[in-house]
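Colleague:
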Amino acid sequence: MLAVMAWRNLWRRPVRTGLSLISMVLTTMLLVFMLSFQLGIYDTMKGNALRLLDGFAQIQPPGYLADPDIRKTIAAPGDLAAAARKVPGVTAAAPRASTYVILSNGELSYGGAVIGVDPTAEVQVSRLQATVHHGRYLAASDSDAIVLGDVLARNLKLSLGDRVTLLGSSADGGIAADSLRIVGLFHTGMAEIDRQVAEMPLARFQESFGLGDAANVIALSGPSLGAVQRAQPALTQLAQSQGLVLRDWAALEPALQQGITLDFATALFWYATLVIVVVFIILNTLLMSVLERTREFGMLLALGMRPMQIGRLVWMELLMLSVMGNGIGAGLGAALAAWLQVRGIVFPGFEGALALWGLPPRLYPTLSWTSALSPPAVMVACIALAGTGVFLRLRRLEPVPAMRAA
Amino acid sequence: MKPDTQVSPIVRCRGVTKVYRVGAVDVPALSGIDLDLAPGDFATLAGPSGSGKTTLLNMIGGLDRPTSGTVEIDGQEVTALSSGARAALRLHRIGFVFQAYNLVPVLSALENVALTLQLLGVGPAERAERARVALDEVGIGALADRRPAYLSGGQQQRVAVARALVTRPVIVLADEPTANLDSTNADGLIGLMSDLNRASGTTFLISSHDARVIDRSRRHIEVVDGKVVSDDRR
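Just so you know, the sequences run in chain order A and B. Under this note's numbering, the first sequence has 61 at position 57, and the numbering climbs by one with no breaks. Under this note's numbering, the second sequence has 223 at position 233, and the numbering climbs by one with no breaks.
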């Protein structure tokens, strides 16, 4: 009967209960949608950044991340890549070698990174080939071929079909040099890549820089970042068995990881502020409802009801209200996020700003259990916790003063 | 005024005083009350406003503690009990009828009566049956499903009487039960309580200055300035 009383008490003041419900519904709906949107943007940022070049994870020699020295190598990259592809959650593994070189055209010289790639495997890990806007990407049959970032090519006053000279250090410490024909120019939109990076066939790289059959890293990909993250234990074990280490996306892109962490922390602050404001609104409503029923509570105490039972009754009302409001809000927020997850959201006029963050013009929320359930769970928990104050206040209620209350 | 020594009393008050602190001033509400109520008494507690009737009723009902003195209900010392134990005593042994704010507005008449049974731990089927019988006894069984807002003042007080009696208490304390009723309803309510008192033998102590109530009572206790000034049996 306490539950019946609690439910009916909620509707004694339908307008007030309705307003409380609306405030919770709107807040939770906003929180669910915003969290889904935010997580969706993070996924897009990570996906775009990692798919462009890094891959979702990499197997590297120890210390290579801090000091990418060409001499830190993986001895049998083909075998390791094949083993990595067998790990559930991993669909592609591409061996790479890279070093810093001077790229020259006559008297013009610029420093940059040249990466040796297996074109067949590389296109399954990196979408750099999709950004080639002049010429073509590397082919498996290529030997005398290189693709350059378009800014780098412009700086060197080079165009398709021209030759570019590479000068660097070989794995044995000697001078390494090569001259390759430009078959493609790419534009990623990320300035650092477009003005500093070139890709050439792995076999030619190994020959030119004295690597033998070795590579420097194995770049990994999968159907999603999450799938590869779930495969991390098996991949770590595989890497360790070869005396190597697995680097996850956060290690490969620390600036992105820090940026996301900072952005999320800031958002959490605002979410928390919103939750606190709504909790206080609900608490204030509850307190009003308790104060105007003090005489009724006094009568119930006189009949023999315990203050704890009255506290439980009021707490039950609060829980019913918050579960209902947050449930509806979460449902609506999830529905909105699910709808926009398919349609996407466009921010006209902000395309340039979004591109700076590596984001496309159309953004998609990502609805997940976390984004759908954590806002209502936090709201209900905070409201229930705040309600304990009223609960404790009711514990001190005495029948006579309560019945005399105005 | 002398305690009845023939039978063991249901209520025994000895030297009950109550002093309220209002600011820096002590205001005495009760000044050494000695009072016994015997099983089956149908007594009125009369007196002018501020004489201490409600305060005495609160002391007997275990709703408040006296500043000094003792109150026993059915042989149990009330004043020494914790608030939890006093709540249990009220639930098991005492029925209350108040002047106003008597019923839970969101519960039907039947649910209001059944509420105290639920607090006692009575199962759903039994409490519904007992509540229905109690409502029939006070003559409003047909209105069992109505909420208080759809009952007249007299009907609401009858529900309150049914609720007070449904737990089979040793005493029913009624504080100005007819104050908000018209004369017809007041007469009906007093008649009902009197009949129930005769039928069940439950002791009734009714605080009232309504002449109709006083006329129907078989014992009339007059309180003035916190003291029992007369105690007449009829």
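Virtual Cβ for every residue (Gly too), placed ideally from N, Cα, C.
Taking Cβ positions, are A/V394 and A/G308 nearer each other than 9 Å?
Modeller: Sequence index remark: in the first sequence, residue 394 of chain A carries index 390 (1-based). Sequence index remark: in the first sequence, residue 308 of chain A carries index 304 (1-based). No, the pair does not count as a contact, with Cβ atoms beyond the cut-off.
Colleague: Going straight from the alpha carbon of B/T7 to that of B/R148, what length do you get?
Modeller: Position 17 of the second sequence, counted from the first residue, corresponds to residue 7 of chain B. Position 158 of the second sequence, counted from the first residue, corresponds to residue 148 of chain B. Their backbone Cα atoms lie some 33 Å apart in a straight line.
Colleague: Which value, in whole angstroms, describes the spacing of the CA atoms of A/V404 and B/A78?
Modeller: Residue numbering aside, residue 404 of chain A sits at position 400 when the first sequence is read from its first letter. Residue numbering aside, residue 78 of chain B sits at position 88 when the second sequence is read from its first letter. C-alpha separation (whole angstroms): 16 Å.
Colleague: Looking at B/I130: is its Cβ nearer than 9 Å to the Cβ of B/Q108?
Modeller: What you label residue 130 of chain B is simply residue 140 of the second sequence in a count that begins at 1. What you label residue 108 of chain B is simply residue 118 of the second sequence in a count that begins at 1. It is not a contact, given that the beta carbons lie outside the stated cut-off.
Colleague: Terminal residues of the continuous alpha helix (DSSP H) containing A/T21?
Modeller: Locating residue 21 of chain A in the first sequence gives position 17, counting from the first residue. Run containing A/T21: P18 to A53, per the alpha helix (DSSP H) assignment.
Colleague: Assign A/T103 to one of two classes, buried (16 or more other C-beta atoms within 10 Å of its C-beta) or exposed (fewer than that).
Modeller: What you label residue 103 of chain A is simply residue 99 of the first sequence in a count that begins at 1. Label assigned to A/T103: buried.
Colleague: The beta strand (DSSP E) with B/H210 in it runs from where to where?
Modeller: Locating residue 210 of chain B in the second sequence gives position 220, where the first residue counts as 1. That run of the beta strand (DSSP E) goes R209 to V214.
Colleague: Is A/M292 buried or exposed, if buried means 16 or more other CB atoms sit within 10 Å of its CB?
Modeller: As a working note, residue 292 of chain A is residue 288 in the first sequence. Result: exposed.
Colleague: Using Cβ-Cβ distances below 7 Å, what residues of the stretch 11 to 41 of chain A are close to chain B?
Modeller: The stretch 11 to 41 of chain A vs chain B, Cβ under 7 Å: R12, N13 and R16.
Colleague: Pick helix, strand or coil for B/M(-9), following the three-state DSSP scheme.
Modeller: Position 1 of the second sequence, counted from the start, is the residue given in the question as residue -9 of chain B. Its pLDDT being 37, under 50, B/M(-9) is placed unreliably in this model, and the coordinates cannot settle the point.
Colleague: Under a three-way DSSP split, which group does A/L219 fall into?
Modeller: Position 215 of the first sequence holds residue 219 of chain A. First, the amino acid is wrong: residue 219 of chain A is Ala here, not Leu. If DSSP states are grouped into helix, strand and coil, A/A219 belongs with the strands.
Colleague: With 16 as the cutoff for other CB atoms within 10 Å, does A/G188 come out buried or exposed?
Modeller: Residue 188 of chain A sits at position 184 when you count from the first residue of the first sequence. Under this definition A/G188 is a buried residue.
Colleague: Tell me the rounded alpha-carbon separation between A/S372 and A/L317.
Modeller: Here residue 372 of chain A refers to the residue found at position 368 of the first sequence. Here residue 317 of chain A refers to the residue found at position 313 of the first sequence. So the two alpha carbons sit approximately 34 Å from each other.
Colleague: What residues from chain B crowd round A/R399, counting only those whose CB sits closer than 7 Å?
Modeller: Position 395 of the first sequence, counted from the first residue, corresponds to residue 399 of chain A. Going along chain B, no residue has its Cβ under 7 Å from A/R399, so there is no contact; the nearest lies around 10 Å.
Colleague: With distances taken from CA atoms, which of A/S27, A/L206 and A/A175 is nearest A/L184?
Modeller: To locate residue 184 of chain A, count along the first sequence from 1; it is residue 180. Selected option, being the one with the closest Cα: A/L206.
Colleague: Should A/Y275 be labelled buried (16 or more other beta-carbon atoms within 10 Å of its own) or exposed?
Modeller: Residue numbering aside, residue 275 of chain A sits at position 271 when the first sequence is read from its first letter. Its Cβ being crowded by 16 or more others within 10 Å, A/Y275 is buried.
Colleague: Between the stretch 322 to 335 of chain A and the stretch 219 to 229 of chain A, do three or more beta carbon pairs fall short of 8 Å?
Modeller: No, because fewer than three Cβ pairs between the stretch 322 to 335 of chain A and the stretch 219 to 229 of chain A fall closer than 8 Å, the two stretches do not touch.
Colleague: Which residues in the same chain as A/I119 place their Cβ atom closer than 6 Å to its Cβ, once the five residues preceding and following it in sequence are excluded?
Modeller: Position 115 of the first sequence holds residue 119 of chain A. Here the set comprises R100, S102 and E203.
Colleague: Indicate the three-state DSSP secondary structure (helix, strand or coil) for A/L398 in the structure shown.
Modeller: Mapped onto the first sequence, residue 398 of chain A falls at position 394. In this structure, A/L398 counts as helix in the three-state DSSP scheme.
Colleague: Shortest alpha-carbon distance to A/P365 belongs to which of A/Y114, A/G348, A/E126 and A/A338?
Modeller: By 1-based counting over the first sequence, the position of residue 365 of chain A is 361. The candidate whose alpha carbon is nearest that of A/P365 is A/G348.
Colleague: Per DSSP, what kind of secondary structure is A/S145 in: helix, strand or coil?
Modeller: Locating residue 145 of chain A in the first sequence gives position 141, counting from the first residue. Of the three classes helix, strand and coil, the one that applies to A/S145 here is coil, per DSSP.
Colleague: Can you find a C-beta in chain A that's less than 9 Å from the C-beta of B/A78?
Modeller: Position 88 of the second sequence, counted from the first residue, corresponds to residue 78 of chain B. Closer than 9 Å: yes.
Colleague: Just checking: is the beta-carbon of A/Q261 within a distance shorter than 9 Å of some beta-carbon in chain B?
Modeller: As a working mapping, residue 261 of chain A is identified with position 257 in the first sequence. No, its Cβ sits nowhere closer than 9 Å to a Cβ of chain B.
Colleague: Could you tell me whether any Cβ in chain A is nearer than 9 Å to the Cβ of B/P167?
Modeller: Translated into positions along the second sequence, residue 167 of chain B becomes position 177. With 9 Å as the cut-off, B/P167 does not count as an interface residue toward chain A.
Colleague: Verify whether the separation of the beta carbon atoms of B/V103 and B/A152 is less than 9 Å.
Modeller: Mapped onto the second sequence, residue 103 of chain B falls at position 113. Mapped onto the second sequence, residue 152 of chain B falls at position 162. In this structure, B/A152 lies closer than 9 Å to B/V103 by Cβ.
Colleague: Name the DSSP bridge partner or partners of A/H138?
Modeller: In the first sequence, counting from the first residue as 1, residue 138 of chain A sits at position 134. Looking at the DSSP assignment, A/H138 forms a beta bridge with A/L189.
Colleague: I need the DSSP call for A/E126, collapsed to helix, strand or coil.
Modeller: Taking the first sequence and counting its residues from 1, one reaches residue 126 of chain A at position 122. Note: A/E126 maps to helix in three-state DSSP.
Colleague: At a CB distance below 7 Å, what residues from the stretch 106 to 125 of chain B approach chain A? Give them in sequence order.
Modeller: Residues passing the 7 Å Cβ filter: T106, Q108 and L109.
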